[in-house]
Amino acid sequence: MNVYDSARMADVLAPLGYASADSAEDADMVILNTCHIREKAAEKVFSELGRLKKLQAAKALAGGRMILAVAGCVAQAEGEEILRRAPFVDIVLGPQTYHRLPEMVAQAARAGGAVLDTEFPAEPKFDFLPEARAEGSSAFLSVQEGCDKFCTFCVVPYTRGAEYSRPAAAILAEARALAGQGVREVTLLGQNVNGWHGEEGWGLGRLIRTLADLGGIERIRYTTSHPRDLDDDLIAAHADIPQLMPFLHLPVQSGSDRILSAMNRGHDRADYLRLVERLKRAQPDLALSSDFITGFPGETDADFADTMALVREVGFVQTYSFKYSPRPGTPAALMPNQVPETVKEERLAQVQALLLDQTTAFNRSCVGREMRVLLDRPGRHPGQLVGRSPYMQPVHVKAADHLLGTVVSLRITAVHPNSLAAVPA
Ligand code: SAH
Ligand code: SF4
1 MNVYDSARMA
11 DVLAPLGYAS
21 ADSAEDADMV
31 ILNTCHIREK
41 AAEKVFSELG
51 RLKKLQAAKA
61 LAGGRMILAV
71 AGCVAQAEGE
81 EILRRAPFVD
91 IVLGPQTYHR
101 LPEMVAQAAR
111 AGGAVLDTEF
121 PAEPKFDFLP
131 EARAEGSSAF
141 LSVQEGCDKF
151 CTFCVVPYTR
161 GAEYSRPAAA
171 ILAEARALAG
181 QGVREVTLLG
191 QNVNGWHGEE
201 GWGLGRLIRT
211 LADLGGIERI
221 RYTTSHPRDL
231 DDDLIAAHAD
241 IPQLMPFLHL
251 PVQSGSDRIL
261 SAMNRGHDRA
271 DYLRLVERLK
281 RAQPDLALSS
291 DFITGFPGET
301 DADFADTMAL
311 VREVGFVQTY
321 SFKYSPRPGT
331 PAALMPNQVP
341 ETVKEERLAQ
351 VQALLLDQTT
361 AFNRSCVGRE
371 MRVLLDRPGR
381 HPGQLVGRSP
391 YMQPVHVKAA
401 DHLLGTVVSL
411 RITAVHPNSL
421 AAVPA
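To convert, note that position 79 of the sequence shown is 79 in this note's numbering; the numbers rise steadily by one, no gaps.
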């Protein structure tokens with residue numbers, strides 16, 4: 001989501017004459033687009049600001065000016081704190097106000113003193129953004145933002161605000177524009193992407209069907225989905241729509257019913273397993289990835305064993321796992337039974353080892369298989385291209401440059417630590 005937002009900020013600033021710089025060194029403006037999901041990500045902002053302060057001072061000494069902006073969810077949650085701890089910051093803006101960047105930049109250029117805009121405006125920013133510019137053959141397309149689910153560990157409902165779905169017509173127009181610029185793969189984005197609903201009768205399944213019929217878009221993905229909102233039509237889409245990739249990120253967080261309930265996830269372990277079974281019936285090639293949290297308050301050895309058992313039962317091909325991080329203002333941060341850091345770490349190491357085994361086994365099982373790969377960037381060596389398999393694995397192949405931006409059939413020949421090697425099928 002932040003990658004998408006950063007690209008849109010660049011789109012908004014392009015008419016003012018700004019273009020992306022390769023480094024912050026001599027830039028006229030630096031925007032830190034920040035994440036508040038865990039403490040580590042949020043703290044990084046302040047250390048990064050310390051580094052940028054020096055560049056800003058060097059630029060001033062040379063007679064120039066570097067405008068420094070902090071955007072994203074840390075700005076939303078800690079705007080005042082940023083201005084207090086880092087008074088050299090010129091602009092602080094939340095994730096819902098970046099369409100107003102040109103005004104903020106003009107104001108910052110004119111005035112002394114910082115500009116702070118962390119409102120949740122009534123008008124959605126999407127109505128004010130220019131047409132998206134594609135970079136390459138794969139693009140993100142934001143369809144839904146915000147969250148009303150209030151999982152007890154999570155800051156998103158507070159930083160991104162209430163659930164909002166973009167209208168279908170606006171999404172389809174953006175998809176057409178992207179396809180016209182050579183985009184072959186679209187990843188629909190949302191904090192709860194499958195909670196997306198358009199006008200009467202439009203759910204994510206119907207949106208995906210319509211995108212598939214537009215022509216030009218050969219591959220469709222969506223992320224991040226919540227197990228509670230995966231409806232029959234979306235499951236059917238996995239069976240019917242060849243463009244919909246057989247790979248789904250479906251975070252479960254924990255395998256323990258007690259913990260799922262304390263997290264307010266709104267489903268239990270059996271619901272999740274049933275869902276996986278239905279999805280695999282619809283699309284037998286489907287592979288799953290997931291998110292896990294270790295050491296949520298009150299998590300016992302038995303709860304954690306349930307998580308390990310669920311991982312073994314489902315089998316994931318790619319995963320993200322985190323130590324529980326207490327976030328200010330969330331109910332779980334106030335729960336009395338916090339788990340010691342060492343226990344969180346030990347459990348994280350255990351689950352990560354198991355997940356890595358599963359990823360490695362899956363990658364090995366791909367050798368000899370034929371896969372459709374979207375070649376989306378040049379390789380490090382001349383005559384080599386790199387693409388993505390349906391399962392998001394990077395794939396290296398010797399191929400002519402004119403194949404860049406196309407989907408080709410490849411046979412996987414070898415597994416490297418972070419990628420696959422292939423030859424034309
Ligand atoms: N909407 C998605 C997740 C968005 S946040 C969902 O409901 O699944 C992305 C991931 O960050 C979460 O899946 C969770 O695993 C992790 N995360 C969120 N808050 C966290 C916290 N306080 N501590 C540790 N991990 C957290
Ligand atoms: Fe956070 Fe996802 Fe829960 Fe929403 S559904 S509160 S984004 S973890």
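All residues carry an ideal CB built from backbone N, CA and C; glycine is no exception.
Model, not experiment: these values are computed from the prediction.
Distance, Cα to Cα, residue i vs residue j?
i    : j    : result
I241 : E218 : 11 Å
A236 : G146 : 26 Å
V155 : P95  : 13 Å
E370 : D376 : 18 Å
Y164 : P382 : 45 Å
R281 : V193 : 22 Å
T330 : F153 : 6 Å
G195 : A212 : 19 Å
M1   : L234 : 21 Å
Q283 : V186 : 20 Å
P121 : H36  : 20 Å
V276 : P130 : 39 Å
V504 : D357 : Limits of the chain in this structure are 1 at one end and 425 at the other, which puts residue 504 out of reach.
Q76  : M104 : 16 Å
A132 : G72  : 19 Å
L49  : P326 : 23 Å
L420 : R100 : 43 Å
P432 : R228 : Nothing about residue 432 can be read from this structure; the chain reaches only from 1 to 425.
K344 : C151 : 19 Å
H226 : L250 : 6 Å
F362 : P424 : 21 Å
K59  : D26  : 7 Å
T307 : P336 : 22 Å
H416 : G379 : 15 Å
D232 : L188 : 19 Å
H197 : F304 : 35 Å
Here's the rule: buried if 16 or more other CB atoms are within 10 angstroms of the residue's CB, otherwise exposed. What is residue i?
i    : result
Y391 : buried
G205 : buried
Y462 : Since the first residue of the chain shown is 1 and the last is 425, residue 462 is not available in this structure.
T159 : buried
F128 : exposed
T342 : exposed
A262 : buried
V3   : exposed
N33  : buried
Q384 : exposed
G431 : Any property of residue 431 remains undetermined from this structure, which presents the chain solely from 1 to 425.
R388 : buried
A169 : exposed
H238 : buried
E299 : buried
P297 : buried
Shorter than 6 Å, the distance from the beta carbon of residue i to the closest heavy atom of the ligand SF4, or not?
i    : result
K149 : yes
Q191 : yes
H249 : no
P331 : no
C366 : no
H226 : yes
P157 : yes
Going by DSSP, which residues form a beta bridge with residue i?
i    : result
N33  : A71
A24  : Answer by DSSP bridge pairing: none, since A24 is not bridged.
R203 : The residue you asked about is not Arg; residue 203 is Gly in the sequence shown. Note: G203 sits in a beta bridge opposite H197.
Y320 : D291
R388 : L374 and P394
S419 : H416
L172 : Beta-bridge pairing links L172 to no other residue.
L260 : Answer by DSSP bridge pairing: none, since L260 is not bridged.
T187 : F140 and R221
D117 : L93
R411 : E370 and V423
Y164 : E145
At a cut-off of 6 Å, would you count residue i as near the ligand SAH, judging by its Cβ distance to the nearest heavy atom?
i    : result
C154 : yes
F120 : no
F322 : yes
S325 : yes
D291 : yes
R38  : yes
Using a Cβ cut-off of 7 Å (strictly closer), state whether residue i contacts chain C.
i   : result
K54 : This model lacks chain C altogether; it includes just one protein chain.
Any contact of the stretch 288-297 with the stretch 313-323, i.e. 3+ C-beta pairs under 8 Å? yes
Is the stretch 293-301 touching the stretch 264-271 in the sense that three or more CB pairs, one from each, lie closer than 8 Å? no
Check whether the stretch 342-354 touches the stretch 104-123, taking contact to mean three or more Cβ pairs, one atom from each stretch, closer than 8 Å. no
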